[in-house]
Amino acid sequence: MTEWISTVIALCALGLSGVTAYTQHRNRKRDTLAARVTAYFHRTSEFAKIKLPDGTLRQAGYHLVIWNHGPAPAEHVELVIKDVEGNAVTLADCLAEEFPLERIDASGRYPIPWLPVADTHRGARRFTVVLRWRDGMGRQERVLPIRRGETNS
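Here it is in structure tokens:
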């Protein structure tokens, strides 16, 4: 009877070791295939002068930066910006055909001057950024609340 119990315990330990090895392998693989895409506001030390497609000059005190800080590239990166009421925010220096971005490599950053088209969004501070992309793990989405700080304007 004791040999039988010892055998069952040994088989359980072997099974647990196998499950642990598989889980660790899967996590390592996921870590190498996953992009980690985020967005944040970057305050410029001086106002950036932006020439818009219509030729007008505007100044931006902030950039919205999309950053892939994961080990894998992010492909087909989409960006949606919403205000606190859920309305879409359009940026003046972000053309309609600019997104989706084809690819952002690991450690890659993509800055966009923060120049909202609508006057109601220019003084607002809180927004929601929705990022969607594909990586080695499939389709991903991240919803980020972001807040813009004070500017000198």
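To convert, count from 1 in the sequence shown and add 949; that's this note's numbering. Even glycine gets a Cβ: it sits at the ideal position worked out from N, Cα and C.
Tell me the DSSP bridge mates of P1031? For the sequence presented, residue 1031 should be read as Lys rather than Pro. The beta-bridge partner set that DSSP reports for K1031 consists of A1037, T1077.
Looking only at its own chain, which residues have a Cβ that is under 6 Å from the Cβ of C1043, when we skip the five neighbours before and after it? Counting only Cβ-Cβ distances below 6 Å, and skipping sequence neighbours, we find I1061.
If you compare alpha carbons, which of F990, P1020, A962 is closest to W1063? With distances taken between Cα atoms, W1063 lies closest to F990.
Outcome for H1012 when other beta-carbon atoms lying within 10 angstroms are tallied against a minimum of 16: Around the beta carbon of H1012, 16 or more other beta carbons sit within 10 angstroms, so the residue counts as buried.
Going by DSSP in three states, T972 sits in which element: helix, strand or coil? Secondary structure of T972 (DSSP, three-state): helix.
Measuring alpha carbon to alpha carbon, tell me which of L1006, L963, G1004, F1048 ends up nearest V1079. Residue F1048 is the option with its Cα nearest to V1079.
P1020 vs A1055 beta-carbon contact at 7 Å: Judged by their CB atoms, P1020 and A1055 are nearer to each other than the 7 Å cut-off.
Would you say P1065 and T1077 are within 7 Å of each other, going by their C-beta atoms? In this structure, P1065 sits away from T1077, with a CB-CB distance that is not shorter than 7 Å.
Alpha-carbon to alpha-carbon, D1068 and T1100: Only weak support exists for where T1100 lies, its pLDDT of 48 falling under 50; the value from the coordinates is given anyway. In this structure, the CA atom of T1100 is about 16 Å from the CA atom of D1068.
Helix, strand or coil, according to DSSP, for L960 in the structure here? If DSSP states are grouped into helix, strand and coil, L960 belongs with the helices.
Just to confirm my understanding: we take A1041, look at its own chain, exclude 5 residues before and 5 after, and list those with CB closer than 6 Å. What are they? Sequence-distant Cβ neighbours of A1041 in its own chain, meaning closer than 6 Å and more than five residues away, are L1001, L1064, V1066.
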